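Everything in the sequence shown is counted per full-length UniProt numbering, starting at 75 for the first residue and increasing by one.
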Amino acid sequence: RDRLSLLRDAAAEFPPPPGKKFSYGTAGFRTDGSLLHSTVFRTGVLAALRSLKTEKVIGLVITASHNQEADNGIKVADPDGGMLTMDWEVYADIIANAGDANLFVKAVEEIVKKEDIQFGSASGKVLLARDTRRSGPSLVEAARKGIEAVSGVSAEGKGVLTTPQLHWMVRATNKGSVGSESEYFDTLSSAFRSLLDLGPSGVSERGPLIVDCSNGVGAEKVTCLQRSLEGLNDMEIRNTGRNGEILNYLVGADFVQKEKVLPQNFDAVRDEGKRCVSIDGDADRLVYFYTGQSVTELTPVLHLLDGDKIMALFAAFIADQLRSIVNVTGSAVKQESFAPVIPGYGAVKFGVVQTAYANGASTRYLQQNLGLEVVLTPTGVKHLHEKAAAYDIGIYFEANGHGTVLFRDSFVHWLKKNGDTLPAVEGKLAAKRLEAVSELVNQAVGDALSGILMVELILRYQGWSIQQWDTIYTDLPSRQLKVKVLDRSVITTTAAETRVKSIPQLQEAIDNEVEKYEAGRAFVRPSGTEDVVRVYAEAATQELADNLAREVGLLVH
Ligand code: NG1
Ligand code: ZN
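As structure tokens, this is what we get:
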């Protein structure tokens, strides 16, 4: 039978739920797991087409990250391991909503024609993984059927992985490596080992790191990481989900960062002062925290070190290494932005990327204390990643803990080739450290496992406790709220989502409200992953921030 009737028959097995509209959104399709089979099948088809088009390996991961356990989702990883290119998101929306099998096949054919995709000689491959959700296995089967419904393309099941592992594997495979899970752990742990060797001597870790695994995939993977580190960094694992505890329920990075409370199985008094980290349901985010005294409370309170503070730690470390190289070569740091000139390479462009959710104090620290260029983009890793990739070294982080450090390939090659010829031992060391950081930190997407290793390492280099790290700047008090509305799509935004565009009266009312608050800042935007409008507010005190968020929330209702 011909290519089209095979595709049509396969599609007929996965009819779309009537009346439901799907949108690729901030981070792929996400909704109740029981409604996703047709969307997942169709995204499988799309990934297969993408593989034929690019003649490279593509990735598919079934996850809904920090969403509740009943939800699930699917996203596509492009050949470089990054998110699916935005021009293809349109195709994803079209085929997910195409109606019955005939309409679907018609939509696919249009893409095939438009992209001039060739069948016959070409063969494609899609790597397929999932998180620990109950709906995962049957959705993986739907995806596999979608991938294999496209002639010449095969699916390679990778089982349960973290999202960043799958992205890493796609990238590694396309670069000619094996791209296996063991290679992933080996790469991270050998880079960590090298960085320890290249660091100041006599610095040891300060007590175990306690890891909240959000009752998800992270539990197994952090355990593997620990094994491959052979005792180099002690970790105690909590919220593994191994006794049936519910994924993401009162645990995990999203919960801790948004609600600003301790996750389950952590106790403010018993765990006082300990270094803790929460990762999310698919282990692509991390936030650190500890409990300790505060000025106003008698009992210990939560101190959160969010994505912004993690980025600040990373940025300061990288800037130090670049400065060491510049110092030994006797060249200058260009003033307008942080771009130290290394003889033989030229100006190394180094910049950081944040969203409007970044705490204002973090932005000020990056600009004023570190002298860095800060770029703001709309929410969603795809936007941040794109901007960060424009630098020789670009760091991006969302306040919620998703972020990474990107190195331009040509810069890493230069370091590898010329690092050893730099004058003075500090220069050589700094070059080797940067090279190792490019291996330690997942170059495809934000990765909680890389993030943990990087934080642990820098704290050891600096000889800092988590409390000392916390003092690099003080967060402005902030509050986030979710507001349920009839149709969140009526709100559209501009200026990196800091202003409402579609309803001028709403923006005007928000401006009037903000003006009443000392150090006030607030904005609203429709979520791309949940059916809510998000409200963010900052002000001089927590009470003021809470008030401002509440008042702005009322304006949205
Ligand atoms: P939405 O729901 O579009 O705000 C959330 C996060 C994003 C990103 C995505 C993907 C916030 C405010 N938003 O997007 O930063 O991580 O989920 O997981 O945290
Ligand atoms: Zn996630």
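Note that the Cβ used here is the ideal one computed from N, Cα and C, for glycine as well.
Keep in mind it's a predicted model, so treat the numbers as computed, not measured.
Check for me: the alpha helix (DSSP H) holding TYR258 runs from which residue to which? Position 184 of the sequence shown, counting from 1, holds the residue named residue 258. Note, TYR258: alpha helix (DSSP H), 255-271.
Can you tell me where the beta strand (DSSP E) holding PRO600 begins and where it ends? Reading the sequence shown from its first residue, position 526 is the one you call residue 600. Here the beta strand (DSSP E) through PRO600 covers 595-600.
Which residue or residues does DSSP assign as beta-bridge partners of residue 638? The question about residue 638 has no answer here: the residues shown for the chain are numbered 75 through 631.
Mark THR117 as exposed unless 16 or more other C-beta atoms lie within 10 angstroms of its C-beta, in which case mark it buried. As a first step, residue 117 must be located in the sequence shown, where it is residue number 43. Its Cβ being crowded by 16 or more others within 10 Å, THR117 is buried.
Enumerate in chain order the residues of its own chain whose CB-to-CB distance from LEU458 is below 6 angstroms, with the five nearest sequence positions on each side excluded. In the sequence shown, the residue the question calls residue 458 occupies position 384. Once the five neighbours on either side are set aside, the close Cβ partners of LEU458 are VAL427, THR451 and TYR470.
Taking only heavy atoms of the ligand ZN into account, decide whether any of them is closer than 7 angstroms to the Cβ of HIS241. The residue given as residue 241 occupies position 167 in the sequence shown. No, Cβ of HIS241 sits at least 7 angstroms from all heavy atoms of the ligand ZN.
Does the count of Cβ pairs from the stretch 363-383 and the stretch 332-344 closer than 8 angstroms reach three? yes
Under a Cβ-count criterion, where at least 16 other Cβ atoms within 10 Å of its own Cβ denotes burial, should ASP354 be classed as buried or exposed? Position 280 of the sequence shown, counted from the first residue, corresponds to residue 354. ASP354 is buried by the Cβ-count criterion.
Bridge partners for PHE481 per DSSP, in chain order? Locating residue 481 in the sequence shown gives position 407, where the first residue counts as 1. ILE467.
For GLY235, which three-state DSSP category applies? Stepping through the sequence shown from its first residue, residue 235 is reached at position 161. A small fix is needed here, since residue 235 is Leu in this sequence, not Gly. DSSP places LEU235 in coil when its eight states are reduced to three.
Using a threshold of 7 angstroms, is the CB atom of HIS459 nearer than that to any non-hydrogen atom of the ligand ZN? As a position in the sequence shown, residue 459 is number 385, starting the count at 1. For the ligand ZN, not one heavy atom lies less than 7 angstroms from the Cβ of HIS459.
Using a 10 Å radius around the Cβ and a threshold of 16 neighbouring Cβ atoms, would you call ARG82 buried or exposed? For this step, residue 82 is matched to residue 8 along the sequence shown. Buried, since its Cβ has 16 or more Cβ neighbours within 10 Å.
Reduced DSSP category for ALA298 - H, G, I as helix; E, B as strand; rest coil: Position 224 of the sequence shown, counting from 1, holds the residue named residue 298. Residue identity check: residue 298 is Cys in the sequence provided, not Ala. Three-state DSSP puts CYS298 in a helix.
Give the residues whose C-beta lies closer than 6 angstroms to at least one heavy atom of the ligand NG1, in chain order. THR100, ALA101, SER139, TYR431, THR453, GLY454, GLU472, ASN474, HIS476, SER601, GLY602, THR603, GLU604 and ARG608
With respect to the beta strand (DSSP E) encompassing VAL448, which residues constitute its N-terminal and C-terminal limits? The residue given as residue 448 occupies position 374 in the sequence shown. Looking at the DSSP string, the run of the beta strand (DSSP E) that includes VAL448 is 447-450.
Check whether the stretch 230-246 and the stretch 493-500 are in contact - that is, three or more C-beta pairs closer than 8 angstroms. no
So what's TYR98 in DSSP terms, helix, strand or just coil? Taking the sequence shown and counting its residues from 1, one reaches residue 98 at position 24. Coil, per DSSP.
Classify ARG624 as buried or exposed, calling it buried when 16 or more other Cβ atoms lie within 10 Å of its own Cβ. Along the sequence shown, one-based indexing puts residue 624 at 550. That one is exposed.
Enumerate in chain order the residues of its own chain whose CB-to-CB distance from ASN171 is below 7 angstroms, with the five nearest sequence positions on each side excluded. For the purposes of this step, residue 171 is identified with residue 97 of the sequence shown, where counting begins at 1. These residues qualify, in order along the chain: LYS95 and PHE96.
Buried or exposed, going by whether 16 or more other CB atoms sit within 10 Å of the CB of GLN579? For the purposes of this step, residue 579 is taken as the residue at position 505 of the sequence shown. Flag for GLN579 reads exposed.
To the nearest whole angstrom, what separates the beta carbons of ASP271 and VAL351, a pair I think is in contact under 8 angstroms? Stepping through the sequence shown from its first residue, residue 271 is reached at position 197. Stepping through the sequence shown from its first residue, residue 351 is reached at position 277. With a Cβ gap of about 24 angstroms, ASP271 and VAL351 do not count as contacting.
Taking DSSP as the reference, what is the three-state secondary structure of residue 67? There is simply no residue 67 to check, as the chain begins at 75 and stops at 631 in what is shown.
Tell me whether THR365 sits in a helix, a strand or coil according to DSSP, three-state version. For the purposes of this step, residue 365 is identified with residue 291 of the sequence shown, where counting begins at 1. Looking at THR365 - three-state DSSP - the assignment turns out to be strand.
Cα-Cα separation, LEU440 to ARG507: Walking along the sequence shown from the start, residue 440 turns up at place 366. Walking along the sequence shown from the start, residue 507 turns up at place 433. About 21 angstroms.
Could you give the distance in angstroms between the alpha-carbon of VAL449 and the alpha-carbon of LEU177? To locate residue 449, count along the sequence shown from 1; it is residue 375. To locate residue 177, count along the sequence shown from 1; it is residue 103. Going from the Cα of VAL449 to the Cα of LEU177 covers about 42 angstroms.
For LEU560, count the other beta carbons within 10 Å of its own beta carbon; 16 or more makes it buried, fewer makes it exposed. Which is it? Locating residue 560 in the sequence shown gives position 486, where the first residue counts as 1. With fewer than 16 other Cβ atoms within 10 Å, it is exposed.
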